[in-house]
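Undergrad: Can you read through this structure? Questions will come right after.
There are 2 protein chains.
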Amino acid sequence: MLSPDQLSQDVLIDSFKKIFPLSSQEREALISRFSERHIKRRGFILQQGDVCKHFTFIVSGCFKMYAIDQAGKEHNMQFAAEGEWISDLASFYSEKPSGVHIEAIEPAVILQIKHDDLLDLYIGYHRFDRHFRVIVETKYIELQNRVLQNISVTAEQRYLNFLDQFPELANRLPNTQIASYLGITPEFLSKIRKVLVHRP
Amino acid sequence: MLSPDQLSQDVLIDSFKKIFPLSSQEREALISRFSERHIKRRGFILQQGDVCKHFTFIVSGCFKMYAIDQAGKEHNMQFAAEGEWISDLASFYSEKPSGVHIEAIEPAVILQIKHDDLLDLYIGYHRFDRHFRVIVETKYIELQNRVLQNISVTAEQRYLNFLDQFPELANRLPNTQIASYLGITPEFLSKIRKVLVHRP
DNA sequence: CCATAACCTTAAAGTAGTTTAAGAGCGTTT
DNA sequence: AAACGCTCTTAAACTACTTTAAGGTTATGG
Chain A
1 MLSPDQLSQD VLIDSFKKIF PLSSQEREAL ISRFSERHIK RRGFILQQGD
51 VCKHFTFIVS GCFKMYAIDQ AGKEHNMQFA AEGEWISDLA SFYSEKPSGV
101 HIEAIEPAVI LQIKHDDLLD LYIGYHRFDR HFRVIVETKY IELQNRVLQN
151 ISVTAEQRYL NFLDQFPELA NRLPNTQIAS YLGITPEFLS KIRKVLVHRP
Chain B
201 MLSPDQLSQD VLIDSFKKIF PLSSQEREAL ISRFSERHIK RRGFILQQGD
251 VCKHFTFIVS GCFKMYAIDQ AGKEHNMQFA AEGEWISDLA SFYSEKPSGV
301 HIEAIEPAVI LQIKHDDLLD LYIGYHRFDR HFRVIVETKY IELQNRVLQN
351 ISVTAEQRYL NFLDQFPELA NRLPNTQIAS YLGITPEFLS KIRKVLVHRP
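Residue numbers (this note's numbering), protein chains in the order written: chain A, 1 to 200; chain B, 201 to 400.
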């Protein structure tokens with residue numbers, strides 16, 4: 001747990017600037033409330049049963065959020081890489097135990113703000129209400145698209161759309177993780193890939 | 201297009217009060233920017249190809265939001281009934297043509313605020329940034345649950361969860377609409393229901 | 001109050017996705 | 001160098017879900 005170094009700060013500030021410019025006062029208020037952490041591959045920043053106490057900004061690396069079913073199987077709800085936010089909002093705002101894990105797929109550097117510090121920020125600098133409104137709206141729109149795909153298209157098309165939407169992630173992730181995200185078995189994804197090679 | 205009548209106003213204000221209290225000034229600013237409309241069954245408040253120009257609060261009645269695929273089939277992305285908000289956020293904020301329809305399943309009374317009036321409201325009364333942040337966060341959490349179900353459980357379990365989560369809606373909606381929401385055919389839902397009757 | 005469109009169900013045949021099992025390739029750990 | 005775990009693939013048998021078609025029932029709009 002360190003104060004953010006200059007490089008990490010820049011990545012965070014840049015991401016905010018894409019939504020609205022910040023005054024130097026706002027920037028200072030923002031940075032001073034975040035702390036930096038380095039996470040190993042397979043390290044957790046949230047485990048099922050714990051309360052999600054931080055909102056996390058990813059400076060580098062990649063995470064998955066997943067739930068485990070009664071049969072012990074993992075189901076990937078989302079991936080998040082550098083420049084993105086990740087948190088279990090349901091647990092974060094309700095302060096109740098989370099139903100999901102958030103785990104590093106690659107070694108990562110993150111910036112975290114605690115629940116109470118974020119609420120402080122909202123109260124002291126109302127501009128941040130807007131920033132986080134826009135962040136959540138963006139994520140909501142993404143999710144809505146995903147729901148539509150899940151109920152309307154085949155696994156093959158979902159896979160193609162995934163490649164199209166996240167070409168970079170598709171290279172970094174093992175296919176087992178992608179299958180879990182798509183809601184199919186790794187075996188079936190393998191079958192799909194085979195068909196696609198012979199009919200591109 | 202009328203000014204909101206007293207009853208509709210009360211429903212709207214009550215919904216805001218659940219998040220944070222409003223000053224009488226804020227209440228006035230809010231109400232004065234909404235207009236009331238009465239929508240017939242099967243009436244549209246948004247059609248694919250049009251820009252979504254309003255954020256809609258439902259005073260009474262029920263809507264579905266759906267997309268139509270290449271084969272001409274409808275896929276229900278969400279239902280919304282009295283006390284809830286509905287809008288195609290992607291189109292609303294980007295001001296680009298929408299990919300979805302929003303249609304009344306029952307005759308409805310709604311309150312609508314225009315895009316620019318909402319932005320005005322955000323600027324003049326920053327409290328509303330927070331209100332709408334919370335509204336979207338709530339919807340996001342709901343969607344995230346739905347994604348998890350879509351990738352992890354069978355259609356039967358999804359149906360049972362739907363009955364559990366929206367018992368009231370389940371009574372009001374025809375099964376064809378529910379099937380479309382669950383991502384299955386009406387025929388298969390019928391099969392599931394038959395099995396459930398013989399094994400409750 | 002009649003016509004028609006929307007809704008629900010059944011069943012048979014077909015397709016999409018899972019399960020189980022087995023083996024091969026690769027990178028890490030001991 | 002051996003042993004291990006993780007990933008990817010193949011294939012056969014199985015289950016979940018769709019398609020097509022048909023018939024009966026209920027709403028509702030004209």
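Backbone N, C-alpha and C define an ideal beta-carbon position, used for all residues, glycine too.
Since the model is a prediction, treat every value here as computed from it, not as a measurement.
(1) Identify the contact partners of B/TYR359 in chain A, using a Cβ-Cβ distance below 9 Å as the criterion.
(2) Return the first residue and the last residue of the alpha helix (DSSP H) that B/HIS398 is part of.
(3) Tell me, please, which residues DSSP counts as bridged to A/CYS62.
(4) Span of the alpha helix (DSSP H) holding B/LYS339?
(5) By Cβ distance below 7 Å, which residues in the same chain neighbour A/ILE86 in space, the five residues on each side in sequence not counted?
(6) Rounded C-beta distance between A/CYS52 and A/SER98? I'm assuming under 8 Å.
(7) Can you look up A/ARG172 in the DSSP assignment and give me helix, strand or coil?
(8) What's the call for A/GLY61, buried or exposed, on a 16-neighbour Cβ count within 10 Å?
(9) Is the CB of B/LYS273 under 9 Å away from at least one CB in chain A?
(10) Is the CB of B/ALA281 under 9 Å away from at least one CB in chain A?
(11) Relative to the C-alpha of B/GLN247, which candidate in B/ARG227, B/ILE378, B/ILE268, B/SER232 has its C-alpha closest?
(12) For B/ILE392, which residues from the same chain have a beta carbon less than 7 Å from its beta carbon, with the 5 sequence-adjacent residues on both sides left out?
(13) What did DSSP end up calling B/PHE234 once you bin it into helix, strand or coil?
(14) What residues of chain A sit near B/ASN350, judged by a beta carbon separation below 8 Å?
(15) Would you say B/SER260 reaches chain A, if we count a Cβ-Cβ gap shorter than 9 Å as a contact?
(16) Who are the Cβ neighbours of B/THR204 in its own chain at under 8 Å, not counting the five residues just before and after it?
(17) Helix, strand or coil: how does DSSP classify A/VAL109 here?
(18) Can you list the residues of chain B that A/ASP69 reaches, using a CB-CB cut of under 8 Å?
(19) Distance, Cα to Cα, A/PHE166 vs B/GLU284?
(20) Considering only the beta carbon of each residue, do B/HIS254 and B/ALA308 sit closer than 9 Å?
(21) For A/GLN70, does the count of other Cβ atoms within 10 angstroms reach 16, so buried, or fall short, so exposed?
(22) If you measure from the beta carbon of B/VAL336 to each beta carbon in chain A, is any gap under 9 Å?
TA: If we stick to the structure as given:
(1) Within chain A, no residue comes near B/TYR359; the closest Cβ sits about 13 Å away, beyond 9 Å.
(2) In the DSSP annotation of this structure, the continuous segment of the alpha helix (DSSP H) that includes B/HIS398 starts and ends at 386-398.
(3) The secondary-structure analysis by DSSP pairs A/CYS62 across a beta bridge with A/ALA81.
(4) Residues 327-352.
(5) Residues of the same chain with a CB within less than 7 Å of the CB of A/ILE86, apart from the 5 flanking positions on each side, are THR56, ILE58, PHE63, MET65, ALA80, ILE102 in chain order.
(6) Here A/CYS52 really is in contact with A/SER98; their C-beta atoms are around 5 Å apart, less than 8 Å.
(7) Helix at A/ARG172.
(8) The residue in question, A/GLY61, is buried, as its Cβ has 16 or more Cβ neighbours within 10 Å.
(9) With a threshold of 9 Å between beta carbons, B/LYS273 makes contact with chain A.
(10) No, its Cβ sits nowhere closer than 9 Å to a Cβ of chain A.
(11) Closest option to B/GLN247, Cα to Cα, is B/ILE268.
(12) Counting only Cβ-Cβ distances below 7 Å, and skipping sequence neighbours, we find ALA355, GLU356, TYR359.
(13) Here B/PHE234 sits in strand by DSSP.
(14) Taking a Cβ-Cβ cut-off of 8 Å, the neighbours of B/ASN350 in chain A comprise VAL147, ASN150, ILE151, GLY183, given in sequence order.
(15) Chain A has no Cβ within less than 9 Å of the Cβ of B/SER260.
(16) A quick correction: the sequence has Pro, not Thr, at residue 204 of chain B. Hits under 8 Å: LEU212, ILE231, PHE234, SER235, GLU236, LEU311.
(17) Strand, per DSSP.
(18) Listed along the chain, the chain B residues whose CB falls inside 8 Å of the CB of A/ASP69 are SER352, VAL353.
(19) In this model, A/PHE166 and B/GLU284 are separated by some 33 Å (Cα to Cα).
(20) In this structure, B/ALA308 does not lie closer than 9 Å to B/HIS254 by Cβ.
(21) By the 10 Å Cβ count, A/GLN70 comes out exposed.
(22) Yes, because at least one Cβ of chain A sits closer than 9 Å to the Cβ of B/VAL336.
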